[in-house]
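Peer 1: In my numbering, the protein residues as written are 1 to 425. Glycine included, every Cβ here is placed at the ideal spot set by N, Cα and C. Pasting in a structure now, in structure tokens, and then I'll have a few things to ask.
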Amino acid sequence: MKNLYFDLKQNVVLIVLKSILISFLFIFFYICLSFMHSSNEAIDREFSDDQKENMYGLVDTLQEPDDFSKFRKDISSINHVADFYNHLNMSEDFKFLSIFNQPVPVTGFKGGVQFDYTFDTEMTQKGFYQDEQTGEEFFDVKALQMNAQAFSFFNLSVNKGKTIDWETVNYDSGVLPILLGSDYNGVYDVGESIDGSLYFKKYQFKVVGVLRENSSIFYQNNRNTFIDNHFIIPYPPKLPEATERDKEFSGILNFAMINGNIAATREMSGTELLNKLHDVSLKSNFSHYTLLSIPFYLIQFNFMYNIIQKNLNLIFAVIALLSLALYIVLRSLDKVMIKRRMNAIKYFWIQGYRARDINFIIFRYTMTEYTLSFIIFFAVSLTSFIKQLELLLILLILQLGYFIIDFLMIKRAYLSKLKRTYTND
Numbered sequence: 001m002k003n004l005y006f007d008l009k010q011n012v013v014l015i016v017l018k019s020i021l022i023s024f025l026f027i028f029f030y031i032c033l034s035f036m037h038s039s040n041e042a043i044d045r046e047f048s049d050d051q052k053e054n055m056y057g058l059v060d061t062l063q064e065p066d067d068f069s070k071f072r073k074d075i076s077s078i079n080h081v082a083d084f085y086n087h088l089n090m091s092e093d094f095k096f097l098s099i100f101n102q103p104v105p106v107t108g109f110k111g112g113v114q115f116d117y118t119f120d121t122e123m124t125q126k127g128f129y130q131d132e133q134t135g136e137e138f139f140d141v142k143a144l145q146m147n148a149q150a151f152s153f154f155n156l157s158v159n160k161g162k163t164i165d166w167e168t169v170n171y172d173s174g175v176l177p178i179l180l181g182s183d184y185n186g187v188y189d190v191g192e193s194i195d196g197s198l199y200f201k202k203y204q205f206k207v208v209g210v211l212r213e214n215s216s217i218f219y220q221n222n223r224n225t226f227i228d229n230h231f232i233i234p235y236p237p238k239l240p241e242a243t244e245r246d247k248e249f250s251g252i253l254n255f256a257m258i259n260g261n262i263a264a265t266r267e268m269s270g271t272e273l274l275n276k277l278h279d280v281s282l283k284s285n286f287s288h289y290t291l292l293s294i295p296f297y298l299i300q301f302n303f304m305y306n307i308i309q310k311n312l313n314l315i316f317a318v319i320a321l322l323s324l325a326l327y328i329v330l331r332s333l334d335k336v337m338i339k340r341r342m343n344a345i346k347y348f349w350i351q352g353y354r355a356r357d358i359n360f361i362i363f364r365y366t367m368t369e370y371t372l373s374f375i376i377f378f379a380v381s382l383t384s385f386i387k388q389l390e391l392l393l394i395l396l397i398l399q400l401g402y403f404i405i406d407f408l409m410i411k412r413a414y415l416s417k418l419k420r421t422y423t424n425d
């Protein structure tokens, strides 16, 4: 122990410097590898092979208010729209992604202005308002309705609660399960119910889950439409036949659901897709639609994918260069410390210490340096905003491995110097 105390007293600056450099190396690894892990997750989530498809927009052609109103007054026409959607949704030739963005009025809202439908838009902010007929206070939240295929296509998932059981969604029940964007954490909890209305029909929206942070979809030609401050309202798996009682509601809902995107394989030409849509049109007796090509989707897809890949390659290069530079510095530092400690090692050798005893002294020197570096690394990682426990454990094991290699190299250097010195003598 006296020898260790003497060594600390003589070489404290060098010991601390080496410990800081070692801890810095592994902290740098921790940060970079965490980023790479997050980037790979983003690639898996946002750029899966399933999403490398041609995207088309499908819209109805009843743009004139009079034509639209006349069409919705006829129950058979409304049911033709329902059949059209059902065939689209069940097609095995392509994926029909039905997504619609609109304000949803709710009562007793607990959130703030960031959830207002007009927030971050050019529209005038409405905030809380009173219904002129009922006197109830409402708040129009940002909301997206979507079908199960859209939810699956964009790899959306929850980090709290559970996802929607799409097969059980029933618009006649008066209760709709919904998901909330991650910004709603701390505002509403899983299991809470929120009263509101959809297309002038009252509903109780039951929160079943909260989406993971930074969830996004492709919507209105934007590859990264973030939905952290949205309600996610599920569309039913199948549209039922409309009746006189719900004709008004079904007319609005059915038309909203047929306006969406079609994801088709790159092998399928536009003509082939049009022919398949024509078959669907004949089966459902609905032909008031048009198909729009959306080249922006693949352009943005490839652009963002390449940016992330380039960032990953850059990080690989930086890690390699910095690791090499730090390794050279550490080896140079070891040479200085070996030179300063050599007299003490020679003294023990002359005193008759065996090679095993000398190895233990060298081990304690090295252990002191790495214990300090471990404390620094662990303290910084615990206070860091990055929380990758598995990666932290792996790096701690790697640090242990680096310690063993460093000890063996330093031990060999000491023993080699001793042998050269006393062999020459």
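Which residues mark the beginning and the end of the beta strand (DSSP E) in which residue 227 is found?
Peer 2: No beta strand (DSSP E) contains residue 227, which DSSP labels as neither H nor E.
Peer 1: Using a Cβ-Cβ cutoff of less than 6 Å, which residues in the same chain neighbour residue 109 once the five nearest sequence positions on both sides are dropped?
Peer 2: The answer, listed in chain order, is 139.
Peer 1: Can you list, in chain order, the residues of its chain whose CB lies under 8 Å from that of residue 213, leaving out five sequence neighbours each side?
Peer 2: Around residue 213: 159, 182 and 228.
Peer 1: Quick check: the Cα distance between residue 242 and residue 82, rounded to an integer number of angstroms?
Peer 2: Whole-angstrom Cα-Cα distance: 9 Å.
Peer 1: With DSSP run on the structure shown, which of helix, strand or coil describes residue 290?
Peer 2: Of the three classes helix, strand and coil, the one that applies to residue 290 here is strand, per DSSP.
Peer 1: Hey, residue 55 and residue 98 are a contact pair by Cβ (cut 8 Å); roughly how many whole angstroms apart?
Peer 2: Actually they are not in contact, since the Cβ atoms of residue 55 and residue 98 sit about 14 Å apart, beyond 8 Å.
Peer 1: So residue 78 and residue 250 are supposed to be a Cβ contact under 8 Å. How far apart are they, rounded?
Peer 2: Going by Cβ atoms, the distance from residue 78 to residue 250 rounds to 5 Å, so yes, they are a contact pair.
Peer 1: Count Cβ pairs between the region 343-357 and the region 398-407 that sit closer than 8 Å; are there 3 or more?
Peer 2: Flag = no, the region 343-357 and the region 398-407 do not touch.
Peer 1: Just curious, the beta strand (DSSP E) that residue 279 is in, first and last residue?
Peer 2: It is not in any beta strand (DSSP E) - residue 279 instead sits in the alpha helix (DSSP H) that spans 270-284.
Peer 1: Is the CB of residue 55 under 9 Å away from at least one CB in chain C?
Peer 2: No chain C is part of this structure, which consists of one protein chain only.
Peer 1: From residue 111 to residue 175, what does the alpha carbon distance come to, in whole angstroms?
Peer 2: If you take the alpha carbons of residue 111 and residue 175, they lie about 21 Å apart.
Peer 1: Hey, out of 162, 167, 143 and 102, whose CA is closest to residue 149's CA?
Peer 2: The shortest Cα separation from residue 149 among 162, 167, 143 and 102 belongs to 167.
Peer 1: Name the DSSP bridge partner or partners of residue 207?
Peer 2: In the DSSP output, where bridge partners are listed per residue, residue 207 has 178.
Peer 1: How far does the alpha helix (DSSP H) with residue 122 in it extend, from its first residue to its last?
Peer 2: Taken as a continuous stretch (DSSP letters only), residue 122 belongs to no alpha helix (DSSP H), as it is neither H nor E.
Peer 1: DSSP on residue 19, reduced to helix/strand/coil?
Peer 2: Looking at residue 19 - three-state DSSP - the assignment turns out to be helix.
Peer 1: Taking only heavy atoms of the ligand COA into account, decide whether any of them is closer than 8 Å to the Cβ of residue 152.
Peer 2: Within the structure as shown, the ligand COA is missing, as the structure has no ligands at all.
Peer 1: Does the structure place the region 215-223 close enough to the region 12-31 that three or more beta carbon pairs sit under 8 Å?
Peer 2: Contact fails: fewer than three Cβ-Cβ distances are below 8 Å.
Peer 1: Give every residue of the same chain whose Cβ lies closer than 6 Å to the Cβ of residue 15, excluding the five residues on either side of it in the sequence, and list them in chain order.
Peer 2: Correct list, in chain order: 369.
Peer 1: Spatial neighbours of residue 337 within its chain, please: CB distance less than 7 Å, with the 5 preceding and 5 following residues excluded, ordered by chain position.
Peer 2: Taken in chain order, the residues that qualify are 11 and 14.
Peer 1: Should residue 203 be labelled buried (16 or more other beta-carbon atoms within 10 Å of its own) or exposed?
Peer 2: Looking at its Cβ environment, which holds 16 or more other Cβ atoms inside 10 Å, residue 203 is buried.
Peer 1: Could you tell me which residues DSSP puts in a beta bridge with residue 429?
Peer 2: Within the shown structure, residues of the chain are numbered from 1 to 425, placing residue 429 beyond reach of any answer.
Peer 1: Where does residue 187 fall in DSSP's three states?
Peer 2: Coil.
Peer 1: For residue 102, report the span of its alpha helix (DSSP H) as first-last.
Peer 2: Not the alpha helix (DSSP H): residue 102 falls in the beta strand (DSSP E), residues 99-107.
Peer 1: Indicate whether the contact test is met: 3 or more Cβ pairs, each with one atom in the region 89-104 and one in the region 256-266, closer than 8 Å.
Peer 2: Cβ pair count under 8 Å is three or more, so yes.
Peer 1: Compute the Euclidean distance between the alpha carbons of residue 230 and residue 289, then round it to the nearest angstrom.
Peer 2: Looking at the two C-alpha atoms, the distance is approximately 28 Å.
Peer 1: Taking all protein chains shown into account, do 16 or more other C-beta atoms lie within 10 angstroms of the C-beta of residue 73, making it buried, or fewer, making it exposed?
Peer 2: With fewer than 16 other Cβ atoms within 10 Å, it is exposed.
Peer 1: Among the residues of its own chain, which have a CB less than 6 Å from the CB of residue 462, if the five just before and after it don't count?
Peer 2: As displayed, the chain neither begins before 1 nor continues past 425, which places residue 462 out of reach and without an answer.
Peer 1: Please determine, among 352, 319 and 217, the residue with the shortest C-alpha to C-alpha distance to residue 35.
Peer 2: With distances taken between Cα atoms, residue 35 lies closest to 319.
Peer 1: Roughly how many whole angstroms lie between the Cα atoms of residue 66 and residue 121?
Peer 2: Roughly 29 Å between the two C-alpha positions.
Peer 1: Considering only C-alpha positions, which residue in the set 239, 71, 418 and 117 is nearest to residue 141?
Peer 2: With distances taken between Cα atoms, residue 141 lies closest to 117.
Peer 1: Terminal residues of the continuous alpha helix (DSSP H) containing residue 249?
Peer 2: 247-258 is the extent of the alpha helix (DSSP H) around residue 249.
Peer 1: Indicate whether residue 161 and residue 179 have their beta-carbon atoms separated by less than 9 Å.
Peer 2: Yes, the pair counts as a contact, with Cβ atoms nearer than the cut-off.
Peer 1: If distances are taken between C-alpha atoms only, which option among 193, 248 and 257 comes closest to residue 201?
Peer 2: Answer by Cα proximity: 248.
Peer 1: What residue range does the alpha helix (DSSP H) around residue 382 cover?
Peer 2: Segment 355-383, the alpha helix (DSSP H) holding residue 382.
Peer 1: Do residue 207 and residue 194 have their C-beta atoms within less than 9 Å of each other?
Peer 2: A contact, by the Cβ cut-off of 9 Å.
Peer 1: Taking the DSSP output, what are the residues bridged to residue 144?
Peer 2: Looking at the DSSP assignment, residue 144 forms a beta bridge with 101 and 232.
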